[in-house]
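Residue numbers (the UniProt record's numbering): 1 to 302.
C-beta: ideal position from N, C-alpha, C; glycine also.
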């Protein structure tokens, strides 16, 4: 038999220093005051509407900010590679300008997403924004130095910008993969339910016109009865898992929608389509049917 190596008693696994630093950022309450001021101003300035939906990435079906951020970082990284290989100062300048140009919509989309996150995510996000701002300033200065003939100094400042941009990318990865900012928080629901029809509850148990939560096994479902019609969605919002059954029913473009009570995402009740962000992923929907004995049955919608 193979022996398994076990840690000795009293010895704990060593943690990566960067992981400890990021955990500390999540608990940095000193950042809460500027976060509250900035996020409030961003939400007030944008308000609900098509511009906010575009910046969130609703038309794309996934967040817009990461795609833009990859473009910006890629341009700056390429500029540094050109500098290292000394293959052309003009190419490096062009790449820096392209990165600075793409940084403008990247910042707009990032601020829009950041303003609707949980506080722990916003703390990391604020430092993420600060490091990326430092990167942009470095590359702006680098471009100025190059244009005025100080190529060597411009390259050095460009390398400093790459270090700052890399730190910002690391923080962004922590938000995306560790804190699940921008991830679909309802993706697994349809896969957790077995195939086929399942008894949910009796129709007479459901209040008419008021959303409620019902549990099927260990899955929470949003249920809304309108007369004899019953609509069922996953209850946890795809944005940040807010309880949809606590939201309000509203009409959007002539369609009945449920508005998440946490951050205002609006989903069409009939099929879970996103009508307004910050959510970008469709809410899992379920087909329903009424048995002759008055019991509602559900199954995942195709």
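- Rounded to the nearest whole angstrom, the C-alpha separation of residue 73 and residue 276 is 29 Å.
- Excluding the 5 residues flanking it on each side, residue 241 has same chain C-beta neighbours closer than 8 Å at 185, 186, in chain order.
- Across the structure, residue 236 and residue 92 are spaced so that their CA atoms are roughly 47 Å apart.
- Note that the C-beta distance between residue 127 and residue 25 is below 9 Å.
- Taking a 10 Å sphere around the C-beta of residue 139, we find 16 or more other C-beta atoms and assign the residue as buried.
- Residue 199 sits in a strand when the DSSP states are folded into three classes.
- Less than 9 Å separates the beta-carbon of residue 211 from that of residue 249.
- Residue 115 and residue 39 do touch by the CB rule: their CB atoms are close to 4 Å apart, below 8 Å.
- For residue 132, the three-state secondary structure derived from DSSP is helix.
- For residue 236, the beta-bridge partners assigned by DSSP are 243.
- Around the beta-carbon of residue 152, fewer than 16 other beta-carbon atoms lie within 10 Å, marking it exposed.
- Between residue 199 and residue 295, the CB-CB gap stays under 9 Å.
- One thing to note: residue 123 has its Cβ within 9 Å of the Cβ of residue 27.
- By the beta-carbon neighbour count (other beta carbons within 10 angstroms, threshold 16), residue 85 is exposed.
- For the beta strand (DSSP E) assignment, the uninterrupted runs of no fewer than 3 residues enclosed by the region 170-226 are, from N- to C-terminal side, 198-202, 212-216, 219-226.
- Proximity to residue 156 across 131, 143, 167, 168 peaks at 143, based on C-alpha coordinates.
- Taking the C-beta atoms as reference points, residue 268 is found no nearer than 9 Å to residue 260.
- Looking only at 183, 108, 173, the smallest Cα-Cα distance to residue 46 is reached by 108.
- Spanning the alpha carbons of residue 231 and residue 222 requires a straight line of approximately 8 Å.
- In the DSSP annotation of this structure, residue 280 is not part of any alpha helix (DSSP H), being labelled neither H nor E.
- By the neighbour-count definition (other C-beta atoms within 10 Å, threshold 16), residue 87 is an exposed residue.
- Taking C-alpha positions only, residue 174 is separated from residue 182 by approximately 12 Å.
- From the listed residues 279, 298, 302, the smallest Cα separation to residue 112 is found for 279.
- Rounded to whole angstroms, the separation of the alpha carbons of residue 213 and residue 120 is 27 Å.
- For the options 194, 145, 288, the alpha carbon positioned closest to that of residue 225 is the one of 288.
- Check the Cα spacing between residue 251 and each of 195, 270, 20, 21: the tightest is with 270.
- Looking from the CA of residue 149, the closest CA among 89, 239, 66 belongs to 89.
- Counting along the chain, the unbroken beta strand (DSSP E) around residue 257 starts and ends at 255-259.
- Sorting 21, 36, 166 by C-alpha distance to the C-alpha of residue 80 places 166 at the top.
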